[in-house]
Amino acid sequence: MAITDWPSGERPREKLLQRGAASLSDAELLAIFLRTGMQGGTAVDLARQLLQQAGGLRALLDLRAARMARLPGMGAARRAQLLAALEVGRRYLAEPLERGLPLDNPEKAGQLLTARLRGLPYEVFACLFLDNKHRLIVFEQLFQGTIDAAAVYPREVVRRAMEHNAAAVILAHNHPSGVAEPSQSDHAITRRLVEALGLVDIRVLDHLVIGDGGWVSLASRGAL
């Protein structure tokens with residue numbers, strides 16, 4: 019039976035408009051993007067198949083484009099729609115913190131950084147450059163590495179901080195493994211950056227490690 023033959027209140031699009039997006043299952047939400055199914059099945063059937071093969075909605079959206087392309091029914095147009103929707107969500111979450119609000123605790127910084135860095139298949143080292151009231155000047159991804167590590171150069175971090183006239187910095191990087199627990203090398207680079215930035219009177223407020231389930235604040239652990 020085609021979705022158009024379903025009762026109006028059970029069709030994903032109409033259900034969303036009548037009851038809100040929270041009332042839809044993962045498969046129903048995904049079906050709205052897919053729009054059509056494959057031969058012999060509806061868009062909801064295809065969505066359920068994709069979610070089962072990927073291991074859930076988050077796992078599906080975290081797939082790299084090349085791997086997503088190997089799933090049934092995931093042509094270029096559908097991949098583009100899903101990846102664009104994911105990026106819209108990330109920017110929506112990050113935007114309120116990019117308007118000069120003070121980042122005075124790990125929760126605020128963690129929200130912004132999780133929206134930007136979680137789920138990336140490679141390691142990225144980034145900085146939040148702040149003014150003397152700890153308001154965000156700019157977010158920058160400074161170094162990008164393999165799935166294992168990113169080479170971080172303290173001299174470059176210092177140079178960028180001085181160019182932005184930053185008074186403070188929050189360091190951050192993601193763990194592509196999804197496990198946010200800091201490594202010994204994470205602690206080591208933090209100490210090097212604290213020392214290098216301290217020479218030019220720029221304070222390191224925190225270093226956040228971003229994983230799939232959240233983040234770890236080195237400052238909260240007394241590691242700064």
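Residue numbering for the sequence shown follows my numbering, beginning at 19 and increasing consecutively.
No residue lacks a Cβ here, since even glycine has one placed at the ideal position from N, Cα and C.
**Request:** To the nearest angstrom, report how far apart D80 and H182 are at their CA atoms.
**Result:** Locating residue 80 in the sequence shown gives position 62, counting from the first residue. Locating residue 182 in the sequence shown gives position 164, counting from the first residue. Each residue's alpha carbon lies about 32 Å from the other.
**Message:** With H, G and I counted as helix, E and B as strand and the rest as coil, what does DSSP make of E181?
**Reply:** Within the sequence shown, numbered from 1, the residue matching residue 181 stands at position 163. E181 falls in the helix class under three-state DSSP.
**Asked** When the Cα atoms are used, what is the spatial distance from E141 to L75?
**Response** Position 123 of the sequence shown, counting from 1, holds the residue named residue 141. Position 57 of the sequence shown, counting from 1, holds the residue named residue 75. Computed Cα separation, rounded: 22 Å.
**Request:** Would you mind giving the Cβ-Cβ distance between V227 and A206, rounded to the nearest angstrom? I have them listed as a contact below 8 Å.
**Result:** Residue 227 sits at position 209 when you count from the first residue of the sequence shown. Residue 206 sits at position 188 when you count from the first residue of the sequence shown. That pair is no contact at about 13 Å.
**Supposed contact pair L68 and L78 - C-beta distance, whole angstroms, cut 8 Å** = Taking the first residue of the sequence shown as 1, we reach residue 78 at position 60. Taking the first residue of the sequence shown as 1, we reach residue 68 at position 50. L78 to L68, Cβ: 6 Å. Contact.
**Prompt:** How many Å lie between T208 and K151 at the Cα?
**Reply:** On the sequence shown, residue 208 is found 190 positions in, with the first residue counted as 1. On the sequence shown, residue 151 is found 133 positions in, with the first residue counted as 1. Going from the Cα of T208 to the Cα of K151 covers about 22 Å.
**Asked** What residue from L242, E32, E46 and G91 has the CA that sits closest to G216's CA?
**Response** Walking along the sequence shown from the start, residue 216 turns up at place 198. Cα-wise, what sits closest to G216 is L242.
**Message:** Using only the alpha-carbon positions, how far apart do L131 and A190 sit?
**Reply:** Within the sequence shown, the letter at position 113 stands for residue 131. Within the sequence shown, the letter at position 172 stands for residue 190. The alpha-carbon atoms of L131 and A190 are separated by roughly 7 Å.
**Request:** Taking A40 and L52 to be in contact with their CB atoms under 8 Å, please state how far apart those CB atoms are, rounded to whole angstroms.
**Result:** Locating residue 40 in the sequence shown gives position 22, counting from the first residue. Locating residue 52 in the sequence shown gives position 34, counting from the first residue. About 20 Å separates the two Cβ atoms, so there is no contact after all.
**Prompt:** Contact check, L160 vs L154 under 8 Å by CB: the rounded distance?
**Reply:** In the sequence shown, residue 160 corresponds to position 142, counting from 1. In the sequence shown, residue 154 corresponds to position 136, counting from 1. With 8 Å as the limit, L160 and L154 do not qualify as a contact, their Cβ atoms being about 16 Å apart.
**Message:** Here's the rule I'm using: 16 or more other beta-carbon atoms within 10 Å means buried, otherwise exposed. How should R37 be labelled?
**Reply:** The sequence position of residue 37 within the sequence shown is 19, counting from 1. Its Cβ having fewer than 16 others within 10 Å, R37 is exposed.
**Message:** Can you look up S203 in the DSSP assignment and give me helix, strand or coil?
**Reply:** Residue mapping note: residue 203 aligns to position 185 of the sequence shown, counting from 1. In the structure shown, S203 sits in a helix (DSSP, three-state: H, G or I).
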